[in-house]
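Residue numbers (our numbering): 426 to 1142.
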């Protein structure tokens, strides 16, 4: 049942009654078929579903779903479908019908698709361009919080300091100023150790989260997210999502170790289709009000939820049984329009023998007053005015999950960003939205240009059909053709054929096209030369001028990346950090850290850092003085960083410092042996030390003779 106390992931309260275990009747073992056992499970699941609380939750979800669906259908869904068609280089059905009614060209120039691809490529270079340079960092806070064991150690040390002071001063207690001085010295000494320990914990946390992100599909989800960001009014990521999946694992059996396929629970990050997310009508952010995600699941997807903490296995099996009989696909009107916009065959989809299962996943607050009305007791809900954040799944009439939000801070596991965020609005503007009008004008100019070129490509012919000879064909005009004419019955001298050349408007139409194509650059903030479409003129012909133009164009992309940093990467990493702090068994990575997404910083500093690094490397390779300062180890580090941009394994190209040091030592030993051979000294025999050297001085000390140097033999006074 829903409770008011904090819960952990392993012990979340559930609205679904749990089974009480097997019951033995008379000690007789009854044998039942699989069908009978399944029917009994369905009947038991139906009893749970008839509970007032679950009926109330199901009704609440349906009411919220209806309001959110109507609000989205009337505000943004048609715009999303238009953007999908523009990405596929297709006209909207109404406009295409008008064009075909007028006749002429149906050419589509693809301005929207080009801009979206260029913008997506730009974002990938910044956020996913380097495997070694993450777009985020984890570092300790300036003054890390002290763990309990460190606090206990400080208390013990302070007691020892006071005891030593009293022993040195004949049992006299230190006054306040002396205590403050001792504590300040103790704090100063401990702070360096605390910071070092915090840095180690932060590095381990960063490595752990990076490994978790790689395993949970971060790269693929982020790539899809970037495509959505350029196409739809909002792009959405979700995670962590717990799923049960098969995996090859080593298992020890009677015959020894072997590889077997076993199920395991994994955390995943996934891209959420913007068509399937339904915020509350008044929401402007993910955390505002409720949020509903519509899942289109196969039987396999639903089966993966069996055994996952919080889901009711019997209700899931009942859903699968009902789906096998008559299906559970709630095909809504906009699904057909979406499928057509995406180029799918709607007849094949609706006639598929195993259609998808529609599920609604509800996230949001439920008032205590509603829970009391649904049948919960005052002991469970002591404060009717309080809101309880819940997660619930509804499939048809079945509630397969109803628990408190697993996040201790009641956050929803969704992260949203828009190319252009509109204040107060959940849905912003995408690149496709911003260039829509300019793209339409470019398409109009291109169609007119194609039609005009066809008309003006040759002469037009006027024919006086009354003077054509019988059987003369006027549908074709070929070179060296002989025409037969009859004399005019009125004796007129007019020519039976007249030729005239239509005017070409190509220059004017090309000017219109270029104007609106350039305007699309300004509206989207993605100039042509970003994607290499054309070389910029003027200042862009030089390297420094092109760099300045890129920096100027980068102002808009910086704003987009900043929105991704604040609204997606940082909260996602914060959730992963919270998860590891609460549930990880490795205590060494737990500490007081701050998470910084640095996408904008990487965009600003990356190219500059590469140039400056290469300049310093050239200086180190050519200047003997710099070589003495940085040493061979420093030059190796510079080479290793420079090699990372070559799309090669930098560790193999520039070996680790331990390997280099051994190599240098072997080379030095080989050169020393060569020098001994050249001087006639047998291998293995030590070369005699030169006078005044350290070796000679050590030999002199061993022989007992006095050591003299230039300073000790100088006269005094």
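Beta carbons are placed, not taken as given, at the ideal position from N, Cα and C, and that holds for glycine.
Computed from a prediction, not measured in an experiment: that's the story for all the values here.
Rounded straight-line distance, which links the Cα of residue j to that of residue i
i            : j            : result
residue 1050 : residue 1018 : 40 Å
residue 705  : residue 998  : 25 Å
residue 662  : residue 811  : 29 Å
residue 1089 : residue 1100 : 16 Å
residue 815  : residue 844  : 30 Å
residue 732  : residue 668  : 9 Å
residue 602  : residue 594  : 16 Å
residue 856  : residue 924  : 48 Å
residue 367  : residue 683  : Residue 367 lies beyond the residue range present for the chain, which begins at 426 and ends at 1142; the question has no answer from this structure.
residue 728  : residue 743  : 11 Å
residue 1059 : residue 935  : 57 Å
residue 649  : residue 862  : 26 Å
residue 503  : residue 996  : 30 Å
residue 552  : residue 619  : 32 Å
residue 1080 : residue 1057 : 12 Å
residue 482  : residue 827  : 8 Å
residue 809  : residue 480  : 19 Å
residue 394  : residue 499  : In the structure as shown, the chain begins at 426 and stops at 1142. Residue 394 is therefore absent and cannot be evaluated.
residue 807  : residue 673  : 49 Å
residue 1043 : residue 675  : 51 Å
residue 784  : residue 494  : 14 Å
residue 916  : residue 522  : 49 Å
residue 835  : residue 710  : 14 Å
residue 1087 : residue 686  : 45 Å
residue 511  : residue 537  : 6 Å
residue 629  : residue 666  : 23 Å
residue 919  : residue 932  : 35 Å
residue 985  : residue 937  : 30 Å
residue 791  : residue 991  : 28 Å
Nearest-angstrom Cβ-Cβ length linking residue i and residue j, presumed shorter than 8 Å
i            : j            : result
residue 1054 : residue 540  : Their Cβ separation, rounded to whole angstroms, is 49 Å, which puts residue 1054 and residue 540 out of contact at 8 Å.
residue 714  : residue 707  : 6 Å
residue 535  : residue 514  : 5 Å
residue 671  : residue 505  : That pair is no contact at about 35 Å.
residue 477  : residue 799  : 5 Å
residue 982  : residue 547  : 6 Å
residue 1174 : residue 626  : Nothing can be reported for residue 1174: it is not among the residues displayed for the chain, which extend from 426 to 1142.
residue 525  : residue 651  : The Cβ separation is near 35 Å, so there is no contact.
residue 486  : residue 1022 : About 34 Å separates the two Cβ atoms, so there is no contact after all.
residue 712  : residue 837  : 7 Å
residue 741  : residue 825  : 5 Å
For residue i, three-class secondary structure by DSSP
i            : result
residue 530  : coil
residue 641  : coil
residue 655  : helix
residue 709  : coil
residue 941  : helix
residue 1021 : strand
residue 689  : strand
residue 736  : strand
residue 500  : helix
residue 802  : coil
residue 702  : strand
residue 797  : helix
residue 921  : coil
residue 602  : helix
residue 1004 : helix
residue 880  : helix
residue 914  : coil
residue 674  : strand
residue 986  : helix
residue 562  : strand
residue 649  : helix
residue 786  : strand
residue 725  : helix
Item to check | beta strand (DSSP E) runs wholly inside the stretch 810 to 852, at least 3 long, in chain order | outcome: 812 to 820, 823 to 829 and 839 to 842
Checklist entry - If you pair each beta-carbon of the stretch 930 to 944 with each one of the stretch 633 to 649, do three or more pairs fall below 8 Å? => result no
Next on the checklist: For the stretch 896 to 904 against the stretch 856 to 866, do three or more pairs of beta-carbon atoms, one drawn from each stretch, fall closer than 8 Å, so that the two count as touching?
Outcome noted: Pairwise C-beta distances place the stretch 896 to 904 out of contact with the stretch 856 to 866, as fewer than three of them are shorter than 8 Å.
Checklist entry - Does the pairing of the stretch 988 to 1008 with the stretch 622 to 635 give three or more beta-carbon distances under 8 Å? => result Taking a cut-off of 8 Å on C-beta distances, the stretch 988 to 1008 touches the stretch 622 to 635, as three or more cross pairs fall below it.
Item to check | Cβ contact check for the stretch 907 to 927 and the stretch 883 to 890: 3 or more pairs under 8 Å | outcome: The answer is yes - the stretch 883 to 890 touches the stretch 907 to 927, with three or more Cβ pairs under 8 Å.
Checklist entry - Can you list the alpha helix (DSSP H) stretches of 4 or more residues lying completely in the stretch 1031 to 1100, in chain order? => result 1049 to 1068 and 1075 to 1078
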